[in-house]
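**Q** Below is the structure I would like to discuss, written out as C-alpha cells.
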C-alpha cells in the first residue's frame, strides 16, 4: 500500500483502484458504525446506568468508537489523494513533481497506530468481563481501567511516527515519538496490573474461558515488552522490517486479541445460543493454540534478530533460518488444527450441547438477567441499575454492591440522539478536512518550504495562486456565511410553530447555498479556461481537492435542507420534532466554519 509502489507508475492496472475504493467504502461504513455505537452508549443506557457504571466491555467499545471516528478520516484523506493522483494525474505523492511519499506514511500511520488500539480495546473489555466472573470478585480498580483507556485514546494519536524512525525524521521528532511510545505503555500496564490483582486472592474457576484469558495476559505482556523495545530508536533501526516486527505485532493482535476473542466466545456462547460449549474439547483447543502460537511467533523474534527481512516471499539459506522457519510452520499447523477443533465444538454444541440456563456462570452484568438466548426485546421491563454489578445485586441482595460501594449517580441526562450522531459525524469530517488543509500547507506555504526555496514560484506556485479572484470569492463566501444566520432564524421559527416564516427562512438558506455553489462553479470555469487543472501543479492539486470536497459537502447540505423544506411544507416537521432539523443544522454550520478556514488559508494566505 505504500506509495510510490501503489502509484500509477508502478501499479498501472486497476487492482489498486478497486483496493482504494473498497477501503474508502469500508472506512465510511466503519465510521458510520462507530457513530452508531457512540450514540447508542451515550443516549440509550438503562435508567441508573451512569457512565461510571457501564460494564467495562461497553466502556472499551465507547473508546474504540471514538478512535474510529477520529482515526479513519486520516486514511480516507490519504486514499482520496492517492485516487486523485491515479485518476486525474495530480502529484500529491510523486516526489519527481514536488510531492511527498513521506506524507503518505504520516497519514497512513496517523490512522495505522490508533488502529492497533481499535482492534485491541474490545479485547481488553472482554477480558475485563471474564476475569472478575471466574475470580468471583469485582474487577480491581474499575476507575483506573476506565481512565487508562481514555489515556490510550489520547496518547494513541501522539506515537504514529515511531513506525517511521527509519525515514529520517530528525533528532527532535525521534525524541518526541520515542517518549510517547514509552508513555503509552503506562495505561496498558495499569490494565495488566488490575487484571492480575483481580485474579489474586479470588476463588478461581478454571475453565476454558479463563484459560484463554490468562494466556492473553501472558502473551500480551510479551507483545507489549517487545513494543517498548522499538521506542529505542537505535534498536528500531536495527530491527525495522525484520521478522522481529512480525513477532511483536502478532503477540499483540493474536496472542492478545484472538485469545481474548476465544475467551469471550466460551463465555458468551451460552447466552447467545442457550447451550454450553464442551469444556474438554475447549481445553484441547486451548493447548493446541497456545503451543502452536508460541511455536510460530516466538522463534520469529530470533529470526528478526538474525536479520531475516519481512515482506519477502522466501528466505535466504542462512544458518539456522530453515530450522526456525520449520518450527514456525509446524506451530501454524497446530493453530489450524485448533481452529478446526473450535469449529467442531461449536457445531457439536449447537446440536447436542448441555442446556446452559439463563446464567450458568453466576455472572454480574445485565445480559445475564434475561433468558438464553435473549428474546428480541431483551427485557420485558427495562431494568434500573444501582451499581456496576446489577445482576449480582439481584441474586445476592444481602451483599448488594450499592449498599457498600457508592458510584456516581445517573443524573438522567442523555442528550438528543440525532444531535449526538451529528456531532460525532462532524468530528470525523473535521479530521478529514484538517488533513487536506495540512497537505495544502505542506506543499504551498513558506512555513513548510525547504530552506532557500521559500520565495521560488515553483515552491509556492505564486503564478498559479495569483489567478484566484479573492474579492469575488469573498463576496460569495458572505452568502454562505449568511446562510448560517438564516438557518438559525428558521430554527427559531420552527420552534415557535411559525410555519410560513420557517419555510421562507429555510428557502432563503437554500438559495444562499446555491449562490455560493454557483460562485464556485464560476471560479472553476475560469481556472480551467486558463489551463489550470488539478494536475497542473501542487497548488492546483491541493486547491481543487480541498475546495472540491467542500463543494460536495455544501451540495449534500443543500439537498438535506431541501428535504427539510419539503417536510416542513407537508407538515411533517413540527415544533416537537426539531431534533432532526437541529442535526442538519449542526452539519450546515460545520461546512460554513470549514469554508472560513479554507478561505483564510488558501485565499488570504494566513499561514504564509
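Residue numbers (my numbering): 558 to 1165. Here a beta-carbon is modelled for each residue, glycine too, at the ideal position from N, C-alpha and C.
(1) Can you tell me where the alpha helix (DSSP H) holding residue 830 begins and where it ends?
(2) Taking contact to mean at least 3 C-beta pairs separated by less than 8 Å, is the segment 745-762 in contact with the segment 681-694?
(3) Using a threshold of 8 Å, state whether the C-beta atoms of residue 1075 and residue 1037 are closer than that.
(4) Determine, using beta-carbon pairs with one atom in the segment 870-882 and one in the segment 818-830, whether at least three such pairs fall under 8 Å.
(5) To which residues does DSSP link residue 866 through a beta bridge?
(6) So which of 1100, 907 and 1031 has the shortest CA-CA distance to residue 641?
(7) Which whole-angstrom value describes the C-beta separation of residue 788 and residue 683, a residue pair presumed to lie in contact below a C-beta threshold of 8 Å?
(8) From 1109, 1118 and 990, pick the residue whose C-alpha is nearest to that of residue 1044; which is it?
(9) Could you check the C-alpha separation between residue 773 and residue 753 for me, to the nearest Å?
(10) Rounded to whole angstroms, what is the Cα-Cα separation between residue 935 and residue 967?
(11) What's the C-alpha gap between residue 953 and residue 1144?
(12) Below 7 Å CB to CB, which residues in the same chain sit around residue 1008 once its five sequence neighbours on both sides are set aside?
(13) Can you name, in chain order, every residue of its own chain whose Cβ lies under 7 Å from the Cβ of residue 1018, other than the five neighbours on each side?
(14) When you compare each of 572, 592, 616 and 1077 to residue 507 by their alpha carbons, which one comes out closest?
(15) Do residue 914 and residue 929 have their C-beta atoms within less than 8 Å of each other?
(16) How would you label residue 1166, buried or exposed, when you count the other beta carbons within 10 angstroms and need 16 or more for buried?
(17) Taking 8 Å as the threshold (C-beta atoms), are residue 977 and residue 596 in contact?
(18) Using beta-carbon positions only, say whether residue 624 and residue 710 come within less than 8 Å of one another.
(19) Is DSSP giving residue 792 helix, strand or coil here?
(20) Taking the alpha carbon of residue 1150 as the reference point, which residue from 991, 628 and 1025 has its own alpha carbon closest?
(21) Only counting the same chain, and skipping five residues up and downstream in sequence, which positions put a Cβ closer than 6 Å to that of residue 918?
(22) Let's test the definition: count the other Cβ atoms within 10 Å of the Cβ of residue 891 and tell me whether it reaches 16, buried, or not, exposed.
(23) Are there three or more Cβ pairs, one per stretch, closer than 8 Å when the segment 1048-1058 is compared with the segment 600-607?
(24) Could you check what DSSP says for residue 582 in three-state terms: helix, strand or coil?
(25) Suppose the cutoff is 8 Å on Cβ atoms and the five residues either side in sequence are ignored; what does the same chain contact list for residue 840 look like?
(26) Consult DSSP for residue 1160 and reduce its assignment to one of helix, strand or coil.
(27) Output the distance between the C-alpha atoms of residue 646 and residue 923, rounded to the nearest integer angstrom.
(28) CB-CB under 8 Å to residue 719, same chain, minus the five flanking residues each way: which ones, in chain order?
(29) Report the option in 1073, 1079 and 1136 whose CA atom is closest to the CA atom of residue 1111.
(30) State the beta-bridge partners of residue 1038 as determined by DSSP.
(31) At a cut of 8 Å, does the segment 953-963 reach the segment 565-579 through at least three beta carbon pairs?
(32) Could you check whether residue 1146 and residue 1041 sit closer than 8 Å to each other, using their CB atoms as the reference points?
(33) Any idea what DSSP makes of residue 939, helix, strand or coil?
(34) Does the beta-carbon of residue 1131 have 16 or more other beta-carbons within 10 angstroms, so that it is buried, or is it exposed?
(35) Buried or exposed: residue 643, going by 16 or more other Cβ atoms within 10 Å of its Cβ?
(36) Using DSSP's beta-bridge definition, name the partner residues of residue 625.
**A** Judging by the given coordinates:
(1) Residue 830: member of the alpha helix (DSSP H) spanning 816-830, first to last residue.
(2) In this structure the segment 745-762 touches the segment 681-694; the number of beta carbon pairs closer than 8 Å is three or more.
(3) Using a Cβ distance threshold of 8 Å, residue 1075 and residue 1037 do not count as a contacting pair.
(4) Touching, no, given that fewer than three Cβ pairs across the two stretches are closer than 8 Å.
(5) Beta-bridge analysis with DSSP links residue 866 to 799.
(6) Distance from the Cα of residue 641 is smallest, within the candidate group 1100, 907 and 1031, for 1100.
(7) The pair is not a contact, with the Cβ atoms about 27 Å apart (cut-off 8 Å).
(8) Among 1109, 1118 and 990, the Cα nearest to that of residue 1044 belongs to 1118.
(9) If I take the Cα positions, the gap works out to 12 Å.
(10) In a straight line, the C-alpha of residue 935 is about 22 Å away from that of residue 967.
(11) If I take the Cα positions, the gap works out to 48 Å.
(12) Its pLDDT being 37, under 50, residue 1008 is placed unreliably by the model, and nothing is read from it.
(13) Residue placement at residue 1018 is flagged as unreliable, the pLDDT there being 47, under the threshold of 50; the coordinate-derived value follows with that caveat. Only 1001, 1094, 1095 and 1096 meet the Cβ criterion.
(14) It is not possible to answer for residue 507, since the shown part of the chain is limited to 558 through 1165.
(15) In contact: residue 914 and residue 929 (Cβ atoms closer than 8 Å).
(16) Since the first residue shown for the chain is 558 and the last is 1165, residue 1166 is missing from the structure and cannot be characterised.
(17) Against a cut-off of 8 Å, the Cβ pair of residue 977 and residue 596 comes out as a contact.
(18) Taking 8 Å as the Cβ cut-off, residue 624 and residue 710 qualify as a contacting pair.
(19) Residue 792 falls in the helix class under three-state DSSP.
(20) Sorting 991, 628 and 1025 by C-alpha distance to the C-alpha of residue 1150 places 991 at the top.
(21) Only 690 meet the Cβ criterion.
(22) The residue is buried, with at least 16 neighbouring Cβ atoms inside 10 Å.
(23) Taking a cut-off of 8 Å for Cβ pairs, the segment 1048-1058 and the segment 600-607 do not touch, as fewer than three such pairs fall below it.
(24) Here residue 582 sits in helix by DSSP.
(25) Excluding five sequence positions before and after residue 840, the CB atoms of its chain that fall closer than 8 Å to its own CB belong to 765 and 768, given in chain order.
(26) Secondary structure of residue 1160 (DSSP, three-state): helix.
(27) When the Cα atoms are used, residue 646 and residue 923 turn out to be separated by approximately 55 Å.
(28) The beta carbon of residue 719 lies closer than 8 Å to those of 670, 734, 735, 737, 738, 787, 788 and 793 in the same chain, with the five residues before and after it left out.
(29) The residue with the shortest Cα to Cα distance from residue 1111 is 1073.
(30) According to DSSP, which records beta bridges pairwise, residue 1038 is partnered with nothing at all.
(31) The segment 565-579 and the segment 953-963 do not touch, with fewer than three beta-carbon pairs separated by less than 8 Å.
(32) Their beta carbons are under 8 Å apart, which means residue 1041 touches residue 1146 by this criterion.
(33) Here residue 939 sits in coil by DSSP.
(34) Classification for residue 1131: exposed.
(35) By the neighbour-count criterion, in which a residue is buried when 16 or more other Cβ atoms sit within 10 angstroms of its Cβ, residue 643 is buried.
(36) Looking at the DSSP assignment, residue 625 forms no beta bridge with any residue, so it has no partner.
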